[in-house]
Amino acid sequence: MKLPKLRPQKLKIGDTIGVVAPSSPIIGNNIEELNKAKEIVEKSGFKVKYSKNLFSNTNGYSSTAKEKAEDINEMFADKEVKMIWCAKGGNNSNSTFEYLDYELIKKNPKIICGYSDITSITNMITEKTGLVTFSGTNFKTIATDETDFSYKQALSRFVNGSLELGTENEEYITIQEGKTSGELIGGNLSLIRGMVAGKYSLDFTDKILFLEELGFETDPAGTSNNLYYMKQNGIFDKIKGLWIGNYEHESGISLEKIITDVLEGEYKFPIIKSNNFGHIERKIAIPIGTKAEINTNEKVKIKLVENCVM
Numbered sequence: 001m002k003l004p005k006l007r008p009q010k011l012k013i014g015d016t017i018g019v020v021a022p023s024s025p026i027i028g029n030n031i032e033e034l035n036k037a038k039e040i041v042e043k044s045g046f047k048v049k050y051s052k053n054l055f056s057n058t059n060g061y062s063s064t065a066k067e068k069a070e071d072i073n074e075m076f077a078d079k080e081v082k083m084i085w086c087a088k089g090g091n092n093s094n095s096t097f098e099y100l101d102y103e104l105i106k107k108n109p110k111i112i113c114g115y116s117d118i119t120s121i122t123n124m125i126t127e128k129t130g131l132v133t134f135s136g137t138n139f140k141t142i143a144t145d146e147t148d149f150s151y152k153q154a155l156s157r158f159v160n161g162s163l164e165l166g167t168e169n170e171e172y173i174t175i176q177e178g179k180t181s182g183e184l185i186g187g188n189l190s191l192i193r194g195m196v197a198g199k200y201s202l203d204f205t206d207k208i209l210f211l212e213e214l215g216f217e218t219d220p221a222g223t224s225n226n227l228y229y230m231k232q233n234g235i236f237d238k239i240k241g242l243w244i245g246n247y248e249h250e251s252g253i254s255l256e257k258i259i260t261d262v263l264e265g266e267y268k269f270p271i272i273k274s275n276n277f278g279h280i281e282r283k284i285a286i287p288i289g290t291k292a293e294i295n296t297n298e299k300v301k302i303k304l305v306e307n308c309v310m
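Using this note's numbering, read the sequence shown as starting at 1 and increasing by one per residue.
Have a look at this one:
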């Protein structure tokens, strides 16, 4: 049964942002970078609150699944905290699934943002609660990006409720023509691939799927493997549109080529490509669970058609 949609409240200057680390640990240089990001955000007029287990490395490769989930649950329960920002990506954020308090999250809807490995958490929270979540810059990269583009893009979404998913200055490629609409779902391909079946699977029915991949971790053959797994599990029979983001591999083979090879023209939904999300310096914040429209006849080929915050 489809859950009612929950839109989080807009972020306001003076609000408190909670920072959690549900993926790889915050150690070494990450600590300095995180503290620098905190300074930047505070200078923007926000307060920052670190979670209890933010710097935990209990397992030697991360904090425990219960520690990670506990921090997320506590941030949703904390009336002072108005937004939750994930510190960084890495691996094994999916370990939190069975320990997240989805009923608590439903009762305390807030903005939660992150990308890469955080793909797992944001999509699962949307799946289990109906809450709109965000695939956008991680907290730490506010300090490490060469420009403040991604941070400003995120704030335009969270504070102003911007409906833009791109501008006319960006290059869009049409891979397969068409017009469609549907709620957004997706993020990092390797993580989405792991959520197509099993107890903690996602419902892709009538969705617009957006995908990006990290080239130095997943080569073209591995990327093809992930896409074939999704194809063989019927995912491309369910979706209404496909939006491809950043993928850079030393071979020069593009994600659009790999997808075209895998899909073989078997599907009629529109497919577009842009380079404004994924493992790239300049990334937008994409609201998971919000309705968007693809129209390949337009200059800006995808746009939001409903609000993502309230």
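Using N, Cα and C, we set each Cβ at its ideal position, and we do this for glycine too.
In the displayed model, Thr-174 falls within a strand according to three-state DSSP. Linking Ile-294 to Gly-182 through their CA atoms gives a straight-line distance of about 9 Å. With respect to the C-alpha of Phe-269, the residue from Ala-285, His-249, Lys-283, Ile-239 having the closest C-alpha is Ile-239. Distance from the CA of Gly-28 to the CA of Phe-55, rounded to the nearest whole angstrom, comes to 10 Å.
Under the 10 Å beta carbon count, Ala-77 is surrounded by fewer than 16 other beta carbons and is classified as exposed. CA-to-CA, the gap between Met-230 and Glu-170 works out to about 29 Å. For Val-262, the enclosing alpha helix (DSSP H) stretches over residues 255-263. Secondary structure of Val-196 (DSSP, three-state): coil. For the 9 Å CB-CB criterion, Val-309 and Arg-157 form a contact. The Cβ-Cβ distance between Tyr-115 and Ser-93 does not fall below 9 Å. Collapsing the DSSP output to three states places Pro-220 in a helix.
Contact check between the segment 250-270 and the segment 128-146: fewer than three CB pairs, one atom from each, fall below 8 Å, which does not count as touching. In chain order, Val-262 place their CB closer than 7 Å to the CB of Tyr-228, counting only its own chain and leaving out the 5 sequence neighbours on each side. The beta-carbon distance between Leu-202 and Ile-185, rounded to whole angstroms, is 6 Å. This is short enough to meet the 8 Å contact definition. Rounded to the nearest angstrom, the Cβ distance from Asn-246 to Asn-275 is 6 Å, consistent with a contact under 8 Å.
The alpha-carbon of Lys-152 is positioned some 23 Å away from that of Glu-213. For Ile-111 against Pro-25, the beta-carbon gap comes to about 24 Å, at or over 8 Å, which does not count as contact. In this chain, the alpha helix (DSSP H) harbouring Ala-77 covers 65-77. Setting aside the 5 residues that flank it on each side, Val-305 is surrounded in the same chain by Ser-181, Lys-291, Ala-292, Glu-293, each with a C-beta closer than 7 Å to its C-beta; the list follows chain order. Assignment of Ala-285 by DSSP, reduced to helix, strand and coil, places it in the coil class. Non-local C-beta neighbours of Pro-109 in its own chain, meaning closer than 6 Å and more than five positions away in sequence, comprise Leu-6, Pro-8, Leu-131, ordered along the chain. In the DSSP assignment, Ser-150 falls within the unbroken alpha helix (DSSP H) covering 149-158. Note on geometry: alpha-carbon atoms of Lys-273 and Gly-166 lie some 12 Å from one another.
Each of Asp-71, Met-195, Ile-284 was checked against the Cα of Ile-105, and the nearest Cα belongs to Asp-71. Per DSSP, reduced to three states, the secondary structure at Ile-26 is coil, with no helix or strand assignment.
Rounded to the nearest whole angstrom, the CA to CA distance from Ser-44 to Ser-63 is 30 Å. A residue is called buried when at least 16 other Cβ atoms come within 10 angstroms of its Cβ; Asn-138 meets this threshold and is buried. One alpha carbon belongs to Ala-65, the other to Thr-296, and they sit about 42 Å apart. Between Gly-178 and Ile-208, the CB-CB gap reaches or exceeds 9 Å. Between the C-alpha atoms of Glu-67 and Glu-264 there is a straight-line separation of about 44 Å. Residues of the same chain with a CB within less than 6 Å of the CB of Ser-95, apart from the 5 flanking positions on each side, are Ala-65 in chain order.
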